[in-house]
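Encoded as structure tokens, the structure appears first; notes follow it.
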Amino acid sequence: MRHTWRWFGPIDKVSVRDAAQAGAEGIVSALHHIATGEVWPEEEIAKRHAEIKTGGLVWDVVESVPVSEDIKTQTGDWRRHVANWQETLRRLSASGIRTVCYNFMPVLDWTRTDLRWETRHGAKAMRFDLVEFVAFDLHILKRSNAAADYPEALREEAARRFSTISDSKIAALGKNIGAGLPGSADGYTLDQLLEKLRTYQGIDRARLQQNLIDFLSEVTPVAEEVGINICAHGDDPPWPLLGLPRILSTEADYAHMLGQVDSRANGVTLCTGSLGARADNDLPFIATRFADRIHFVHLRNVTRDTNTVPCSFFEDEHLEGTTDMVAIIAALVSEEARRRAEGREDHQIPMRPDHGQEILDDLSRGAQPGYPAIGRLKGLAELRGIERALTHARFGLGL
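Counting in the numbering used here, the sequence shown runs from 194 upward without gaps.
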């Protein structure tokens, strides 16, 4: 695989040179300062390429070109935003980019209740606590009709938890859950979040699913034309939140998306952490079933508190947790061999060590939550070791 590293630009406290020293071969980045829905300026694309090259690496993957709420709801400026997304693809292709990741999660990107939860050995990890999330929804956000979304026992447990948490914890929950995209300064106050939720009134799962297909029907032909693979990241966590529908949470969801817009350019960002939060997602099988359409891989692991859906979980070390990382990487190595035999230019699949626990000096560096230097270095080293061993066993190559 192509070993990459997410970098949020000059604001990132982990530099491109740090990534190179960690063993990364390329960078995953985006222009977070460009307003969602607008065309990415050619000069800003060139500037980001130059910033990465100065650090000693190259820009391999764009994560992400954001999909606006107007596109997801098909309201307001959505048609202009689709045209701008198409033009951004053209400009990225002209600059040499061949892989673009995006997501179609309504309102919120990945959602966690705690961004620096302390693990058993003192590392800091991100956690989704279902009880705390329900307490936030019912007692802090006070979303209309929210109680109907939860069973009585969970509501009662959330009420007990809420009665014990401090004012500072209440403020932290609002900030963590209302955060915007990683790397973005955007975020929602409680009132802003409620207003955003109201824009989805009348949009159910079937409608949102169709809006995704409509979007892909417009942008996939452009991706094909300019030689870019676009790849959808799954819902994180993979179940409905705050009354919002989710449409990329399971194997069946991805099968529907890929079947409706049946083009190799329309593919998958396989995120083992997002899909792995559901016990009913068989990750090795999913990696094998959709292997031909996997264009980008996020490798991370989670430990679930229970196997129910939804559930609480935390982001564990890359080789711990509930996902069989060896089986996942074996499926990807096999797919790369198949692509090479076919002569495909995209035979090498870019992957990155997704997230990482804060350990050692990470604890004082203050990097973007989930994106520490040493925790990701450790994860990348472990994942590369698995890949190297599997490749040696499969092909008899020397180490």
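Built from N, CA and C at the ideal position, the CB exists for glycine as well.
Residue i, DSSP secondary structure in three states
i      : result
Arg545 : strand
Phe297 : coil
Phe201 : coil
Glu311 : strand
Val490 : strand
Gly578 : helix
Thr266 : helix
Arg320 : strand
Gly460 : strand
His274 : helix
Val495 : strand
Ala365 : helix
Ile423 : strand
Gly572 : helix
Arg353 : helix
Arg618 : For the chain, the structure presents residues 194 to 592; residue 618 sits outside this window and is missing.
Thr292 : strand
Leu553 : coil
Ala470 : coil
Phe507 : strand
Val254 : strand
Leu435 : coil
Leu560 : Residue identity check: residue 560 is Ala in the sequence provided, not Leu. Ala560: coil per DSSP, three-state reduction.
Leu592 : Note that Leu592 scores a pLDDT of 39, beneath 50, so its modelled location is shaky; the value from the coordinates is reported in the next line. Leu592: coil per DSSP, three-state reduction.
Gly452 : helix
Neighbour-count burial assignment, residue i, 16 or more Cβ in a 10 Å radius
i      : result
His314 : exposed
Gly572 : buried
Gly452 : exposed
Arg558 : exposed
Gln214 : exposed
Arg486 : buried
Glu236 : exposed
Thr361 : The sequence given here has Ser at residue 361, not Thr. Classification of Ser361: exposed, given that the 10 Å Cβ count is below 16.
Thr413 : buried
Ser337 : exposed
Glu538 : exposed
Ala349 : The amino acid at residue 349 is misidentified as Ala; the sequence shows Glu. The residue is exposed, with fewer than 16 neighbouring Cβ atoms inside 10 Å.
Phe357 : Per the sequence shown, residue 357 should be read as Thr rather than Phe. So Thr357 counts as exposed.
His585 : exposed
Asn474 : buried
Ile522 : buried
Pro203 : exposed
Ser359 : exposed
Tyr393 : buried
8 Å contact criterion, which residue i and residue j should meet: CB distance rounded
i      : j      : result
Leu331 : Ala351 : 6 Å
Ala520 : Pro477 : 4 Å
Gln550 : Gly568 : 4 Å
Phe329 : Arg305 : About 11 Å; that fails the 8 Å criterion.
Ala582 : Glu528 : The Cβ separation is near 17 Å, so there is no contact.
Gly536 : Val495 : Between Val495 and Gly536 the Cβ distance is about 37 Å, and since that is not below 8 Å, they are no contact.
Cys424 : Thr292 : 7 Å
Leu441 : Pro299 : About 11 Å; that fails the 8 Å criterion.
Met319 : Asp307 : 7 Å
His274 : Ser257 : So it is not a contact: roughly 14 Å between Cβ atoms.
Ser505 : Leu334 : Actually they do not touch by this definition, with Cβ atoms about 19 Å apart.
Taking contact to mean 3 or more Cβ pairs, one atom from each stretch, closer than 8 Å, check whether the stretch 539–552 and the stretch 480–498 are in contact. Touching, yes.
Assess contact between the stretch 281–290 and the stretch 429–444, defined as three or more Cβ pairs (one per stretch) separated by less than 8 Å. Is contact present? The stretch 281–290 is not in contact with the stretch 429–444.
Three or more C-beta pairs below 8 Å linking the stretch 401–409 and the stretch 264–275: Using a Cβ-Cβ distance cut-off of 8 Å, the stretch 401–409 and the stretch 264–275 are in contact, since at least three pairs of beta carbons, one from each stretch, lie closer than that value.
Would you call the stretch 457–465 and the stretch 314–330 in contact, with 3 or more CB pairs under 8 Å? Not touching, per the Cβ criterion.
Validate contact between the stretch 229–239 and the stretch 356–369 using beta carbons, cut 8 Å, 3 pairs: Contact between the stretch 229–239 and the stretch 356–369 is absent, because fewer than three Cβ pairs lie under 8 Å.
May I ask you to verify whether the stretch 509–519 touches the stretch 234–251, counting CB pairs closer than 8 Å and requiring at least 3? Counting Cβ pairs under 8 Å, fewer than three are found: no touch.
Starting from the N-terminal side, write out each stretch of the beta strand (DSSP E) that is 3 residues or longer and does not extend beyond the stretch 204–245. Runs of the beta strand (DSSP E) inside the stretch 204–245: 219–222.
Any contact between the stretch 380–397 and the stretch 250–261? By contact I mean 3 or more CB pairs, one from each, below 8 Å. The stretch 380–397 makes no contact with the stretch 250–261; the number of CB pairs closer than 8 Å stays below 3.
Would the stretch 411–423 count as touching the stretch 435–452 if we require 3 or more Cβ pairs under 8 Å? The stretch 411–423 vs the stretch 435–452: no contact.
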